[in-house]
Amino acid sequence: MLPDAFPPSIEAHTQAVLDYFRAKASGYDEVDSQAYWRLSDALLWDVLTDHALKVLPKGFQFLDAGGGTGRWSQRLLEADLHCRGWLLDLSPEMLAVAEGKGRRMGWGERLRMWQGAIEAAEPAWSRQSYDLIINLHNVLGFVSDPEAALRVLVSCLKPGGRLASFVPNKYHMLFFNLYLGRLSEAETCNRLDQGTFTPDMPAIHVFTPVELRALYERVGLALEVLTGFPCVVYPGSEETRIQGSTPRLTTLLDEAESFQRVFALEQQMLREEGIAPRGNNLLALGRRPEGPLTPESQP
1303 MLPDAFPPSI EAHTQAVLDY FRAKASGYDE VDSQAYWRLS DALLWDVLTD
1353 HALKVLPKGF QFLDAGGGTG RWSQRLLEAD LHCRGWLLDL SPEMLAVAEG
1403 KGRRMGWGER LRMWQGAIEA AEPAWSRQSY DLIINLHNVL GFVSDPEAAL
1453 RVLVSCLKPG GRLASFVPNK YHMLFFNLYL GRLSEAETCN RLDQGTFTPD
1503 MPAIHVFTPV ELRALYERVG LALEVLTGFP CVVYPGSEET RIQGSTPRLT
1553 TLLDEAESFQ RVFALEQQML REEGIAPRGN NLLALGRRPE GPLTPESQP
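Each number in this note's numbering corresponds to the 1-based position in the sequence shown with 1302 added.
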């Protein structure tokens, strides 16, 4: 069962996150071989392309906050050969993988990297201003204070710039733990808005669509997209591992034609009003209005 207070201390939580990703860093990119996560990533990229990349200037500046091994930085660098960015992550082991990838692919000065916590607002990256900031795959779940982290990110965003957050859905965490017979964990998650998907992970913050909307409003972002996905295909317990895939999902999604048919269903559903609570993850994409930040939205 999770503790009644989270985190027991910021230092203890930070160490737990570092330990968790140290164990995963060397094989983290193998998640690309999992059929379910290929579907989730394809949907995420589709939404980011339609609602962010198409409105950004050529050669845009980006920040990949909590970007780990650089999987999404790589997508951005390949989508616009003139863009440049920063990759920020807490884990030195994850960044080491990204640095090796950057050398092999010749990213050079197009992608600079910094090891540290988002909330620390280190000068090297936080003195920049960005057209696009992304924090994907549970980054706001792992930080000690999601609102403080988001305020720091907003302060680095150019007026008119976009900020995308892909966060764990509280409703899915409740469903998933009950699916696995972990009733106590589901009850604790419901009470604390924090929980786990596996026994080896540190407790993370979870969000509902209503809470995520309110969070974006408090930090001064104009919400443009709030949705959730995948929502017609759910992951099994195997998808919580870097290696492994639930047989029924492998059968459904490994064949190109059926993958595209499922992808089309998901595309249709994620545009349905009110679909967000059903998604495995929630996606919020907001725009920083023109003009200075209001005092309430400053870090």
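Heads up, the beta-carbon is just placed ideally off N, CA and C, and yes, glycines get one too.
Closest by C-alpha distance to residue i, when choosing among the options
i, options, result
"R1543", "E1421, F1468, P1448 and A1337", "A1337"
"Q1430", "F1561, F1478, H1384 and W1388", "W1388"
"L1397", "L1345, V1445, A1422 and K1326", "K1326"
"W1390", "E1421, G1410, F1565 and E1380", "A small correction: the amino acid at residue 1390 is Leu; Trp does not occupy that position in the sequence shown. Of E1421, G1410, F1565 and E1380, the residue nearest in Cα terms is E1421."
"E1513", "E1449, S1560, L1567 and E1313", "E1449"
"T1498", "S1547, R1563 and F1444", "F1444"
"G1369", "T1552, M1415, D1348 and S1560", "M1415"
"L1572", "P1470, A1466, S1342 and D1433", "S1342"
"A1426", "L1355, Q1417 and P1511", "Q1417"
"I1577", "N1471, H1439 and W1339", "N1471"
"L1585", "L1525, V1399 and P1537", "L1525"
"L1379", "V1357, D1352 and G1408", "G1408"
Residue environment, residue i, which counts as buried when at least 16 other CB atoms sit within 10 Å
i, result
"M1303", "At M1303 the pLDDT is 39, less than 50, meaning the model places this residue with poor confidence; the figure from the coordinates comes in the next sentence. It counts as exposed."
"G1487", "In the sequence as presented, Gly is not what sits at residue 1487; that position holds Glu. Burial call: buried."
"T1371", "buried"
"P1305", "The pLDDT assigned to P1305 is 44, lower than 50, so where the model puts this residue is not dependable; a value taken from the coordinates is nonetheless given after this. Looking at its Cβ environment, which holds fewer than 16 other Cβ atoms inside 10 Å, P1305 is exposed."
"G1483", "exposed"
"A1307", "A caution first: A1307 carries a pLDDT of 46, below 50, which makes its placement in the model too unreliable to give a value."
"A1354", "buried"
"P1537", "buried"
"S1335", "exposed"
Nearest-angstrom beta carbon gap, residue j and residue i [assumed within contact, 8 Å]
i, j, result
"N1437", "A1505", "So it is not a contact: roughly 18 Å between Cβ atoms."
"V1527", "L1587", "4 Å"
"G1531", "G1581", "With the sequence shown as reference, residue 1531 is identified as Phe, and Gly is not the correct amino acid for it. Contact holds; Cβ gap of about 5 Å."
"G1404", "L1413", "6 Å"
"L1434", "L1523", "No, L1434 and L1523 are not in contact; Cβ-Cβ is about 13 Å, not under 8 Å."
"R1590", "G1463", "5 Å"
Alpha-carbon to alpha-carbon, residue j and residue i
i, j, result
"H1384", "Q1363", "9 Å"
"E1540", "K1360", "40 Å"
"V1534", "Q1570", "10 Å"
"P1511", "T1529", "8 Å"
"A1558", "V1333", "18 Å"
"R1324", "F1468", "22 Å"
"T1351", "A1381", "9 Å"
"L1346", "L1480", "26 Å"
"P1309", "P1394", "Per-residue confidence for P1309 stands at a pLDDT of 48, beneath the threshold of 50, marking its modelled position as unreliable; no derived number is given."
"G1410", "E1424", "21 Å"
"Q1496", "V1508", "5 Å"
beta-carbon residue i near the ligand FAD non-hydrogen atom, thresh 7 Å
i, result
"E1574", "Ligands in the displayed structure: none, and consequently the ligand FAD is not present."
**Study point:** the segment 1451-1468 contacting the segment 1491-1508, beta-carbon criterion three pairs below 8 Å
**Key:** no
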